[in-house]
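J.: In terms of the UniProt record's numbering, the sequence shown opens at residue 1 and continues consecutively.
Glycine included, C-beta positions come from ideal geometry on N, C-alpha and C.
One structure follows; several queries about it will come next.
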Amino acid sequence: MKEVWTTEAKETYLSNIKYLKTQWTNKEIQFFMDTSLEAIDLLLQNPKLGSYDATWKAYKFLIVPQVYLYYEVKNDELILLSFWNNYQKPLF
């Protein structure tokens, strides 16, 4: 299985890092980055690890308490859709 980053996934990932730079230290930024990559590795091994969100028709996986990774599984691809920051901008 291979990972595919959508434009939105790239933008929201970088947006979360940019936000962290304004609010937190380099330690928290590095933790977010490391945890994100570890989560992607886990999902590549077991793509159904996240919970399916019927409303968004995608899986979601909690990266850190404030950020969910939304993704799809198609054929042999893990398609990263968005890194949703619940704290910065709530989903509802």
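Got a sec? Which residues, its chain only, sit under 8 Å from T35 by beta carbon, not counting five neighbours each side?
T.: Within the same chain, T35 has close Cβ partners I63 and V64.
J.: Please state whether DSSP places K57 in a helix, a strand or coil.
T.: Three-state DSSP puts K57 in coil, outside helix and strand.
J.: Would Y13 and F83 qualify as a contact pair, given that the criterion is a beta-carbon distance under 9 Å?
T.: Yes, the Cβ-Cβ distance between Y13 and F83 is below 9 Å.
J.: Enumerate, from N- to C-terminal direction, the unbroken beta strand (DSSP E) stretches of 3 or more residues contained entirely within the region 20 to 92.
T.: The region 20 to 92 contains these whole beta strand (DSSP E) runs: 51 to 53, 58 to 64, 67 to 74 and 77 to 85.
J.: In angstroms with no decimal places, state the Cα-to-Cα distance between N26 and Y19.
T.: Rounded to whole angstroms, N26 to Y19 spans 12 Å at the Cα level.
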